[in-house]
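K.L.:
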Amino acid sequence: MNRCLLLAALLLCTSALAADDWRLAYDREGIRVYVSSAGASSYQQFRGVSTMKASVRTLTDLQDNLRVACKWLYACDQMRLLDVEGDNTWVYLTTQLPWPARPRDIVLKVTSERLIDGTLVRHLSADPDRIPKVDGLIRVEHLSGVWQMKPLGDRVTEVTYQLQAAPAGDVPGWLANRFVVDTPVVTLRTLRAVAERQP
């Protein structure tokens, strides 16, 4: 079974989860979203956290099934597997962002890591030169993130989705930052709804 993220999508390593400059921007429906500046970038990063009544295995399966994953990942239009090498998986996905943004595509490298307590961490990064650019789509060059799924008990998992990306092209920072909360909220809400319906 492939070890794709989904997404969909996405920030750094687990050490990044310990950063202390995060501001709580959303706390409803069992979902908390924190935002932070990302160094010199004009684009904010987000961290979304939610507890789900589903096992790590169930959540992993929902990520690995790319057709299903694209349905719960915010702004995902299409997603397909490119390659698998050991713990590394490459996924190609296209996005359909709200107007006035133009469609983008992303070559996403996902590196999976299993911790001793059963936590699954999937590190995300852009690998824009792995395949040729596609006419009519803007290739995302810079993206880093992490999915972390930490078991809290029988069929209870804390899910963290963290991402920082520069959408490239014609999206100014002020416009992209308007969606920085919507992305994790919609993704985690939809993933939770799907996961909690699984047997």
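Mind the numbering: the sequence shown is residues -18 to -1, 1 to 181 in mature numbering (1 follows the signal peptide of the UniProt record, and there is no 0), read in order. For every residue, glycine included, the Cβ atom is placed at its ideal position computed from N, Cα and C.
When you compare the CB positions of A108 and Y25, do they come within less than 7 Å of one another, or not?
P.N.:
Taking the sequence shown and counting its residues from 1, the one referred to as residue 108 is at position 126. Taking the sequence shown and counting its residues from 1, the one referred to as residue 25 is at position 43. No. Outside cutoff.
K.L.:
Would P114 be called buried (16 or more neighbouring beta carbons within 10 Å of its own) or exposed?
P.N.:
As a position in the sequence shown, residue 114 is number 132, starting the count at 1. Flag for P114 reads exposed.
K.L.:
Would you say the segment 62 to 82 touches the segment 4 to 12, given that touching needs at least three Cβ pairs under 8 Å?
P.N.:
Touching, no.
K.L.:
Looking only at its own chain, which residues have a Cβ that is under 6 Å from the Cβ of L173, when we skip the five neighbours before and after it?
P.N.:
Taking the first residue of the sequence shown as 1, we reach residue 173 at position 191. For L173, where only same-chain residues beyond five positions count, the Cβ hits under 6 Å are W54.
K.L.:
Rounded to whole angstroms, what is the Cα-Cα separation between K35 and E178?
P.N.:
Residue numbering aside, residue 35 sits at position 53 when the sequence shown is read from its first letter. Residue numbering aside, residue 178 sits at position 196 when the sequence shown is read from its first letter. Between K35 and E178, the C-alpha separation is close to 6 Å.
K.L.:
Less than 7 Å between the beta carbons of Q144 and V128, yes or no?
P.N.:
Residue numbering aside, residue 144 sits at position 162 when the sequence shown is read from its first letter. Residue numbering aside, residue 128 sits at position 146 when the sequence shown is read from its first letter. Yes, these two residues count as a Cβ contact at 7 Å.
K.L.:
If we ignore side chains and look at the alpha-carbon of each, how far apart do L125 and V50 end up?
P.N.:
As a first step, residue 125 must be located in the sequence shown, where it is residue number 143. As a first step, residue 50 must be located in the sequence shown, where it is residue number 68. Those two C-alpha atoms are separated by around 22 Å.
K.L.:
Which residue spans inside the segment 2 to 74 form an unbroken beta strand (DSSP E) run of at least 3?
P.N.:
Taking only runs of at least 3 residues, the beta strand (DSSP E) segments lying wholly in the segment 2 to 74 are 5 to 10, 13 to 20, 23 to 34 and 58 to 67.
K.L.:
From D3, W4 and A57, pick the residue whose C-alpha is nearest to that of D164; which is it?
P.N.:
Counting from 1 along the sequence shown, the entry for residue 164 is found at position 182. For the residues D3, W4 and A57, the minimum Cα distance to D164 belongs to A57.
K.L.:
Using beta carbons (cut-off 7 Å, strictly below), is P133 in contact with chain B?
P.N.:
Any reference to chain B falls outside this structure, which holds one protein chain only.
K.L.:
So what does DSSP say about R174, is it helix, strand or coil?
P.N.:
Along the sequence shown, one-based indexing puts residue 174 at 192. R174 falls in the helix class under three-state DSSP.
K.L.:
Residue ranges of each beta strand (DSSP E) run of no fewer than 3 residues wholly in the segment 93 to 127, ordered along the chain?
P.N.:
If we require 3 residues or more, the beta strand (DSSP E) runs fully inside the segment 93 to 127 come out as 102 to 108.
K.L.:
Output the boundary residues of the beta strand (DSSP E) element that contains V141.
P.N.:
Here residue 141 refers to the residue found at position 159 when the sequence shown is read from its first residue. Where V141 is concerned, the enclosing beta strand (DSSP E) stretches over V138 to A148.
K.L.:
Given V138, which residues of its chain have a CB within under 7 Å of its CB, disregarding the five upstream and five downstream residues?
P.N.:
On the sequence shown, position 156 is the one that residue 138 refers to. Cβ neighbours of V138 beyond the five flanking positions: T33 and K35.
K.L.:
Determine the DSSP secondary structure at V167, reduced to helix, strand or coil.
P.N.:
As a working mapping, residue 167 is identified with position 185 in the sequence shown. Three-state DSSP puts V167 in a helix.
K.L.:
Roughly how many angstroms lie between the CA atoms of G118 and D99, to the nearest whole one?
P.N.:
Locating residue 118 in the sequence shown gives position 136, where the first residue counts as 1. Locating residue 99 in the sequence shown gives position 117, where the first residue counts as 1. Looking at the two C-alpha atoms, the distance is approximately 44 Å.
K.L.:
DSSP has P133 in a bridge; who is on the other side?
P.N.:
One-based indexing of the sequence shown puts residue 133 at position 151. T139.
K.L.:
With burial defined as no fewer than 16 other Cβ atoms inside 10 Å of the residue's Cβ, what is the status of L134: buried or exposed?
P.N.:
Mapped onto the sequence shown, residue 134 falls at position 152. So L134 counts as exposed.
K.L.:
Using the rule of at least 16 other Cβ atoms within 10 Å of the residue's Cβ for burial, across every protein chain shown, is V162 buried or exposed?
P.N.:
The count along the sequence shown starts at 1 and reaches residue 162 at position 180. V162 should be labelled buried.
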